[in-house]
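Read in order, the letters of the sequence shown are residues 943 to 1122 in this note's numbering. Cβ coordinates follow ideal geometry from the N, Cα and C atoms, glycine included.
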Amino acid sequence: MSEPELPSDILLRPAKNSDLAAITRIYADAVTHGTASFELEPPDEAEMTRRYEALVSNGYPYLVAEASNAIAGYAYVGPYRARPAYKWTVENSIYVSPEFHRRGIGLRLLKELIVESERRGFRQMIAVIGDSAQTPSIGVHTAAGFAPVGVFRAIGYKHGKWLDTPLMQLTLGKGDMAPP
């Protein structure tokens, strides 16, 4: 997948509290109009702030893409599961504002998220993709080196239809070739 032309002033950086209003708006659009998230009601800014602070305070990377002085998208990883044996496995999330779709921002965010996750010692990254019809998300993950590992069929119900959940995985750093 070739990377489309990006705005010349694109900046990837760690998210900060002042970005949370824009992050909340981007996510609200995804929840309301899309299937990338299986939430049915968009959380408010206070809840998004709580989620952000929980991830960042536990050492997970949380990034934004800034373009033309606006937050064009964001991405983060969090724990794949809570049990201790999963400590080295993370799940990624990427959301891009609709006016910036199909411009390579999601892939840029994901690639930087991979770098930051490897730097922090994580060994596996899981993509839990909402809906098999999310071909742009599947394409972005494929372009970043993820491999499909399975599909949960008809696992969620949103917008009047049953949705699948494709799963993809990427080995980070030394993966399973050495202990963490």
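In this structure, the beta-carbon distance from A1007 to G1020 does not fall below 8 Å.
About 7 Å separates the CB atoms of T1031 and R1065; that is less than 8 Å, so the two are in contact. S999 and R992 have their alpha carbons spaced roughly 10 Å apart. Burial check for I965: the Cβ neighbour count within 10 Å reaches 16 or more, so the residue is buried. If you ignore the 5 residues before and after W1104, its C-beta comes within less than 6 Å of the C-beta of A1096, all in its own chain and listed in chain order. For A1014, the enclosing beta strand (DSSP E) starts and ends at A1012 to P1021.
I1047 and R967 have their C-alpha atoms some 17 Å from each other.
Looking at the backbone, the Cα of I1068 and that of S1010 are separated by about 31 Å. Ranked by Cα distance from T1084, the options G976, S979, P984 and L1109 are led by L1109. About 5 Å separates the beta carbons of A957 and Y1004, which is inside the 8 Å limit, making them a contact pair. Of all alpha-carbon atoms in Y1022, G1063, I1013 and S1074, the one lying nearest the alpha-carbon of G1117 is that of G1063. Runs of alpha helix (DSSP H) with 4 or more residues, each lying fully within the segment 951–999, are found at 962–975 and 987–999, listed in chain order. Within the segment 1034–1092, the complete alpha helix (DSSP H) runs of at least 4 residues fall at 1047–1061 and 1077–1085.
Boundaries cannot be given for D1118, as no beta strand (DSSP E) includes it and DSSP labels it neither H nor E.
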